[in-house]
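First to last, the protein sequences are chains A and B. Just so we're aligned: the first sequence equals residues 62 to 290 in the numbering used here. Just so we're aligned: the second sequence equals residues 25 to 468 in the numbering used here. Backbone N, C-alpha and C fix where the C-beta goes; we use that ideal spot for every residue, glycine too. Keep in mind that this is a model prediction, so the values were computed, not measured.
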Amino acid sequence: MKTNSIVLGLLVAASAAFATPAYQAPAYPVPVPGSYALPIIKRAADGALLDANGDPASLAALTRGRITVLSFIYTQCASPNACPSATGVLWQLNRESAADPALAAALRLVSMSFDPVNDTPDRMAAYSALVAEDPDAAPWHFVTTRSDRELRPILAAYGQAVSKKANPRDPTGPLNHTLRVFLVDAAGNIRNIYSSGTLDVRLILADVRTLMLEAATKPSVATLPSGGN
Amino acid sequence: MKQSFFILHRRSGAFFLPAAFAAAALALASLLPASRADETCSSPYLARIEGQEEFLYVWTLGVEGMGDGADKLVTVDVKPGSRTYGKVIASVTVGGRHEAHHGGFTDDRRQLWLAGLESSTIFIFDVHTDPARPRLVKTIDDFARVTGGAVGPHGAYALPGRVLIPCLSNSTDRGGRTALVEFSNEGDFIATHWMPVKGASGVVGAEFADGYGYDARVLPRKNVMLSTSFTGWKNYTRNFGDLVQDAEAVKQMGNSMVLWDFHARQPRKVFHVPGAPLEIRWAWGEKRNHAFTATALTSRLWLCYEDANGEWQTKEVATIGGEGGVLPVDISLSADDRTLFVDCFGDGKCRVFDVSDPHRPREILEQQIGRQLNMVSQSWDGKRLYFSSSLLARWDKGGADNEQFVRAYGWDGRALAPTFELDFTALQLGRPHHMLFGSTKVGQ
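Right, dumping it as structure tokens:
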């Protein structure tokens, strides 16, 4: 039962997908990694989390030591250009990293729920089971928080807007939210923020590789002692 | 059924997942605007109003001796059925006169950033806690210092987690050389991108680059941004009558549009578009890769478009108001990309073009709105338009022609019908300029 509502959102998205022509990436030239700058936007804030096993974790530990792509989601979201899309992009990054050892060693993926009432660790574990684990790929963490009280300061620090919809039975899910995916360098600085209009896996990969090149030339700036994987 | 899908999903190794997510997004995203009603000319990254707009936020220039004489954010109730419909329900002074001009929301629509062209001050309002009563929460008053010399902030354009502020000038010579600037939604400086100048390396058409700026807008699915060009602080703070008599000063006007690699924030191509191209309006249609702009000094409508070879081009597509020059200052493209409203400061008329064929615009209406006319904001359903009167403090007309108003109209596809009017002089408010929509109902 606990997987049903998780699957429901994915089912909506997937069903629509099968009824449409194959997705094609937008046609435009992707900038060459390292040919452009990614200025620091702000620090990636810390916060108390629960991992998919229900064990305590910290957001700082999950945004330091590797380049991190952090996606705020909730599992009931069935809005096709929101959470399912973001999880799909992280999945693509996961697959790309499985074929690129250097990328896998540098990258970490984090899907964090902003719905602690419904997205319990068990639910996040079920959500994570929707993606096949690959030991060669970059690690992918599915985390939540213990309560709204512990969640709120995290959302405020990341500027992640979330509010309840007037209609809790809205077919796209009960929450309004902006789509936010963050690129965090190994030193814990937010270097890019993606939304539905910019959530192109090719651009994110170019950014990740730009930070990898930066780390190779400025290791003291971009890399801190390992904060785990 | 759900469980079997789940099992199938896992057995399949989930290889269809990204395509499913992405294609679903592509297929269903086009359904979303139907339930939205917002300004048609806002950032594509902006959270949308659900249903009809409830408030009109009017960034208003202060006038010496009028009320408190200061720039202010005026809130007008435009909620149908409200007992205060068409009335001013809030007015927040920011203190002093800063040449209130343009503004814009953060992507989550929780903040409204309003810019002062003369003082280079940014006023950040909370429009989330109580959208009917915006509250000034932060002021950025060291803009030139933190940006490395950019001045004349011209509004704010929502990007994910940040705002893009196109500028008009610089602090060194206060001429037209300027930059695009980015701040985080928290109000912290991120980066300055200087406009390309003549001979810029790696930029096609660099011989046309003049370094000037005005508007900047993004077409995300093509990863391109367009910018236009106006004039520097020395000119826009000068009395208009004096300025037009100064042949050298008149030469210091922008004649370029720049196409940028948006993701890299790097200029790719410069177009020669003479006569101060101002507002940029990208088409919304998924297959419509074009944008319009109007040149203030030459009264021409220009099209920037992607040709059959994938190359971006510009061309003049229409004359606005005959050959005399009517100073087109703002344009608004309908959400269906078929109708373009062009406000002309010179004769106070709104000219409406059928742009169904963007290469061959056809004027379908010419209507007097006031003795002077500046901004226009249009609802997403195309049924309501709001007009304001003021251009710049020292460029507005004098005497009886110096009407200062917000006028609301309904549009039925053929005619503009007045719905309400506010006399900003009688109300002792000032000179109304940019108008933005607010609501208690904001979606994703």
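Would you mind sorting residue i into buried or exposed? The rule is 16 or more other CB atoms within 10 Å of its CB.
i: B/D361; result: buried
i: B/R384; result: exposed
i: B/A48; result: In this prediction, B/A48 scores a pLDDT of 37, lower than 50, which makes its location untrustworthy; the coordinate-derived value is nonetheless stated afterwards. So B/A48 counts as buried.
i: B/V98; result: buried
i: B/R386; result: exposed
i: B/K293; result: buried
i: A/P196; result: exposed
i: B/H458; result: buried
i: B/Q135; result: buried
i: B/N373; result: Going by the sequence as given, residue 373 of chain B is Lys instead of Asn. By the neighbour-count rule (16 or more Cβ atoms within 10 Å), B/K373 is buried.
i: B/S401; result: buried
i: B/A342; result: buried
i: A/S224; result: exposed
i: B/V268; result: exposed
i: B/Q391; result: exposed
i: A/H202; result: buried
i: A/A160; result: exposed
At least one CB of chain B closer than 7 Å to the CB of residue i: is that the case?
i: A/G115; result: no
i: A/N237; result: yes
i: A/A248; result: no
i: A/T136; result: no
i: A/S158; result: no
i: A/P100; result: yes
i: A/T271; result: no
i: A/Y188; result: no
i: A/I30; result: Limits of chain A in this structure are 62 at one end and 290 at the other, which puts residue 30 of chain A out of reach.
i: A/K103; result: yes
i: A/A222; result: yes
i: A/T181; result: no
i: A/I128; result: no
i: A/P232; result: no
i: A/I254; result: yes
i: A/P92; result: yes
Distance cutoff 7 Å, beta carbons only. Does residue i sit that close to anything in chain A?
i: B/H287; result: yes
i: B/P244; result: yes
i: B/A71; result: yes
i: B/D270; result: no
i: B/P184; result: yes
i: B/D360; result: no
i: B/I214; result: yes
i: B/V132; result: This sequence places Asp at residue 132 of chain B; Val is not what is there. B/D132 counts as touching chain A.
i: B/N209; result: yes
i: B/G265; result: no
i: B/N426; result: no
So residue i and residue j are in contact, right, with Cβ under 8 Å, and what is the actual spacing, rounded?
i: B/H122; j: B/D95; result: 5 Å
i: B/S473; j: B/E210; result: No answer is possible for residue 473 of chain B: it lies beyond the span of chain B, which begins at 25 and ends at 468.
i: A/L99; j: A/D268; result: 6 Å
i: B/Y260; j: B/L141; result: 6 Å
i: A/L14; j: A/R207; result: Examination of residue 14 of chain A is not possible in this model, given that chain A is present from 62 through 290 alone.
If you follow the alpha helix (DSSP H) that residue i is part of, which residue opens it and which one closes it?
i: A/Y219; result: D209 to Y219
i: B/T171; result: F167 to T171
i: A/Y188; result: P182 to S189
i: B/E272; result: A271 to K275
i: A/Q153; result: C144 to A159
i: B/G410; result: First, the residue type needs correcting, since residue 410 of chain B is Tyr and not Gly in the sequence shown. Careful: B/Y410 lies outside any alpha helix (DSSP H), inside the beta strand (DSSP E) at R408 to S412.
i: A/A166; result: P162 to A167
i: B/N209; result: Per DSSP, B/N209 belongs to no alpha helix (DSSP H) and is neither H nor E.
i: A/N253; result: Here A/N253 belongs to no alpha helix (DSSP H); instead the beta strand (DSSP E) covers N250 to Y255.
i: B/Y260; result: W257 to Y260
In terms of residue numbering, what span does the beta strand (DSSP E) encompassing residue i cover?
i: B/W284; result: S280 to D285
i: B/E390; result: R386 to Q392
i: A/K225; result: V223 to K225
i: A/I265; result: Unbroken run through A/I265 is the alpha helix (DSSP H), V262 to T278; no beta strand (DSSP E).
i: B/K373; result: K373 to D378
i: A/C138; result: A/C138 -> no beta strand (DSSP E), and no H or E assigned at all.
i: B/T343; result: W336 to T343
Give me the chain C residues within the contact set of residue i, using Cβ-Cβ distance strictly less than 7 Å, ordered along the chain.
i: B/P68; result: Absence of chain C from the displayed structure is noted, the protein chains being A and B.
- Stretch-stretch touch, CB-based, cutoff 8 Å, three pairs: the stretch 160-177 of chain A with the stretch 91-107 of chain A: The stretch 160-177 of chain A is not in contact with the stretch 91-107 of chain A.
- Message: Tell me whether the stretch 336-346 of chain B and the stretch 261-276 of chain B touch, counting them as touching only if at least three CB pairs, one residue from each stretch, are closer than 8 Å.
- Response: No contact exists between the stretch 336-346 of chain B and the stretch 261-276 of chain B.
- When the Cβ atoms of the stretch 226-235 of chain B are set against those of the stretch 110-117 of chain A, are three or more pairs found closer than 8 Å? Counting Cβ pairs under 8 Å, fewer than three are found: no touch.
- Message: Check whether the stretch 158-166 of chain B and the stretch 194-206 of chain B are in contact - that is, three or more C-beta pairs closer than 8 Å.
- Response: Under the Cβ criterion (8 Å, minimum of three pairs), the stretch 158-166 of chain B does not count as touching the stretch 194-206 of chain B.
- Item | the stretch 155-164 of chain B in contact with the stretch 180-187 of chain B per 3-pair CB rule at 8 Å | Contact between the stretch 155-164 of chain B and the stretch 180-187 of chain B is absent, because fewer than three Cβ pairs lie under 8 Å.
- Message: So, does the stretch 126-145 of chain A touch the stretch 153-168 of chain A, judging by three or more C-beta pairs under 8 Å?
- Response: In short, these stretches touch, since the Cβ pair count reaches three.
- Message: Across the stretch 441-458 of chain B and the stretch 411-426 of chain B, are there enough close Cβ pairs to call them in contact, namely three or more that are closer than 8 Å?
- Response: The stretch 441-458 of chain B makes contact with the stretch 411-426 of chain B: 3 or more CB pairs, one atom from each, lie closer than 8 Å.
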